[in-house]
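Numbers 22 to 79, taken from the numbering used here, label the letters of the sequence shown in order. In this text, a Cβ means the ideal position worked out from N, Cα and C, and glycines have one as well.
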Amino acid sequence: MGGEKKVHTMCGLGKDLKGKALAEFVEVVRKPRFYCERCHRVARRKKNLCQPVRLPKP
Ligand SMILES: [Zn+2]
């Protein structure tokens with residue numbers, strides 16, 4: 022695991038998502054607009070990623 026940060030990013034999330042955290046996760050990744058170059062994750066908001074790159078429109 023990496024260092025702990027207060028910033029809530031998709032990149033730092035573990036596998037044990039439950040309840041509200043899971044619902045939020047689903048909401049953020051459902052229609053991704055950004056991709057993390059470092060962690061290869063997607064999210065709707067830039068702030069949820071550590072190295073966000075805008076995804077091309079479909
Ligand atoms: Zn990342």
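Sequence-distant residues of its chain with Cβ nearer than 7 Å to residue i (five each side left out)
i	result
Lys-67	Phe-55 and Pro-73
Buried or exposed by the 16-neighbour rule on C-beta atoms within 10 Å, applied to residue i
i	result
Ala-64	buried
Arg-62	buried
Beta-carbon gap between residue i and residue j smaller than 7 Å
i	j	result
Asn-69	Val-49	yes
Contact set for residue i: own chain, Cβ-Cβ below 8 Å, skip 5 residues either direction
i	result
Met-31	Phe-46, Val-49, Val-50, Cys-57, Cys-60, Arg-62, Val-63, Ala-64, Asn-69 and Leu-70
Lys-52	Arg-65
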